Amino acid sequence: MTRWDDDLRLAHAAADAAGAAASSRFQADDLQVESKPDLTPVSDADRAAETAIRALLERERPDDDVLGEEYGATGDGTGRRWVIDPIDGTKNFVRGVPVWATLVALQVDGQTVAGVVSAPALGRRWWAASGGGAWTGPSVRQARACRVSGVADLSDAYLAYSSIPGWADVDRETAFLGLLRRVYQSRGYGDFFSHMLVAEGVVDCSAEPEVTLWDLAALQVVVTEAGGRFTDLSGLERADGGSVVASNGKLHDELLAILGPDGTPDGVPDRPSTS
């Protein structure tokens, strides 16, 4: 038991409400999709899912602040803030790809203390509260503990990421491509899924160059409670730094040395041949 258990239960309920709203529109023939000013897509499902979460929070925690991707920030700066992404992976959602999730996190005085990551189309969920460990399963009643891997060498590591073009936007494409050549295996699982696989220990590290607080807050507490490290590219342990490196901890410093602002601009050597 932790002091955040009641909040974690509410986060689960919020994810349930959002999941019901989003799932009813998943692969719908009449799904309405628009482009935001930043040219990323938003659907009627995104808005319905966030509305469902906000309605629940207004009933259960009326004094808490809320920050959501679709409707921005509300509240009076109480020190307690819910950070929500109603559908992380909207690009997948609108194409009918089942890799999308609702992210619900609670921050207290700027620190994330509880988070739920719910992927209903995959039948999976991950959650954590500070001091209570990280868990995954199809439901709370069918849960198992998450623990990061013990891989300590990049040549043995499995790396997950979202896409390559974003690394060019932050002037790190050469370094990232060099990292891909160093690791044992890499896959573009994308969005929340890459980082939750790190928490489970089936992937050893993950990274994204351009992300926001609502993309990361819920993920951060799950990865760290699973024993991993979760920083921005500069190495700061924060979810609002605009980038993320998640790992089992053993690989983290080397990843930052390659991908961070002081990393090798011309990339890194290929991993040794195993032939």
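Under the working numbering, the residue at position 158 of the sequence shown is numbered 180, and the numbers go up by one with no gaps.
For glycine and all other residues, C-beta sits at the position ideal for the given N, C-alpha and C.
Bear in mind that the values here come from a model prediction, so they are computed numbers and not experimental data.
Problem set entry | R169 in three-state terms, based on DSSP | Taking the sequence shown and counting its residues from 1, the one referred to as residue 169 is at position 147. Residue state, collapsed to three classes: coil.
Exercise. Taking the C-alpha atoms as reference points, what is the distance between V245 and H217?
Worked result: What you label residue 245 is simply residue 223 of the sequence shown in a count that begins at 1. What you label residue 217 is simply residue 195 of the sequence shown in a count that begins at 1. Going from the Cα of V245 to the Cα of H217 covers about 7 angstroms.
Exercise. What is the rounded straight-line gap between the Cα of C168 and the Cα of V135?
Worked result: Taking the first residue of the sequence shown as position 1, residue 168 is located at position 146. Taking the first residue of the sequence shown as position 1, residue 135 is located at position 113. The straight-line gap from Cα to Cα measures roughly 17 angstroms.
For this session: Flag this pair as touching only if the stretch 58-67 and the stretch 115-132 have three or more C-beta atom pairs under 8 angstroms; answer yes or no.
Result: yes
Exercise. Beta-carbon separation of S228 and V170 under 9 angstroms?
Worked result: As a working note, residue 228 is residue 206 in the sequence shown. As a working note, residue 170 is residue 148 in the sequence shown. For S228 and V170, no; Cβs fall outside 9 angstroms.
For this session: Would you mind sorting S152 into buried or exposed? The rule is 16 or more other CB atoms within 10 Å of its CB.
Result: In the sequence shown, the residue the question calls residue 152 occupies position 130. Flag for S152 reads buried.
Exercise. Looking at C-alpha atoms only, which residue of F214, V224 and V233 is the closest neighbour of W189?
Worked result: The residue you call residue 189 lines up with position 167 of the sequence shown. For the residues F214, V224 and V233, the minimum Cα distance to W189 belongs to V233.
For this session: Would you list the residues sitting across from I106 in a DSSP beta bridge?
Result: By one-based count along the sequence shown, residue 106 stands at place 84. DSSP output for I106 lists G90 and V126 as bridge partner(s).
Problem set entry | Residues bridged to Y183 [DSSP beta-bridge criterion] | As a first step, residue 183 is located in the sequence shown; it is residue number 161 there, counting from the start. Answer by DSSP bridge pairing, in chain order: A229.
Exercise. A239 and A261: beta carbons closer than 9 angstroms?
Worked result: On the sequence shown, position 217 is the one that residue 239 refers to. On the sequence shown, position 239 is the one that residue 261 refers to. Against a cut-off of 9 angstroms, the Cβ pair of A261 and A239 comes out as a contact.
For this session: Helix, strand or coil for W189, going by three-state DSSP, please let me know.
Result: Here residue 189 refers to the residue found at position 167 when the sequence shown is read from its first residue. It is helical.
Problem set entry | Where E222 sits in the DSSP three-state scheme | Sequence index remark: in the sequence shown, residue 222 carries index 200 (1-based). E222 falls in the helix class under three-state DSSP.
Exercise. Measuring CA to CA, which of P231, L32 and R69 is closest to L128?
Worked result: Looking up residue 128 in the sequence shown gives position 106. Among P231, L32 and R69, the Cα nearest to that of L128 is on L32.
Exercise. So S256 packs on G212, CB below 8 angstroms; how close in whole Å?
Worked result: Reading the sequence shown from its first residue, position 234 is the one you call residue 256. Reading the sequence shown from its first residue, position 190 is the one you call residue 212. So it is not a contact: roughly 23 angstroms between Cβ atoms.
Exercise. Is V224 near A248, with beta carbons less than 9 angstroms apart?
Worked result: Residue numbering aside, residue 224 sits at position 202 when the sequence shown is read from its first letter. Residue numbering aside, residue 248 sits at position 226 when the sequence shown is read from its first letter. Not closer than 9 angstroms, so no.
Exercise. Measuring CA to CA, which of E230, G210, E72 and F252 is closest to A123?
Worked result: As a position in the sequence shown, residue 123 is number 101, starting the count at 1. The shortest Cα separation from A123 among E230, G210, E72 and F252 belongs to E72.
Problem set entry | Sub-9 angstroms separation of Q49 and G137 beta-carbons | Here residue 49 is taken as the residue at index 27 of the sequence shown, counted from 1. Here residue 137 is taken as the residue at index 115 of the sequence shown, counted from 1. No, the Cβ-Cβ distance between Q49 and G137 is not below 9 angstroms.
For this session: Within its chain, find whatever has a CB closer than 6 angstroms to the CB of A37; leave out the 5 residues flanking it on each side and keep chain order.
Result: Against the sequence shown, residue 37 aligns to sequence position 15. For A37, where only same-chain residues beyond five positions count, the Cβ hits under 6 angstroms are T124, V126, V138 and S140.
Problem set entry | Own chain partners of L79 with C-beta closer than 7 angstroms, once the 5 adjacent residues on each side are dropped | Residue numbering aside, residue 79 sits at position 57 when the sequence shown is read from its first letter. Cβ within range, chain order: A36, D86, V88 and W104.
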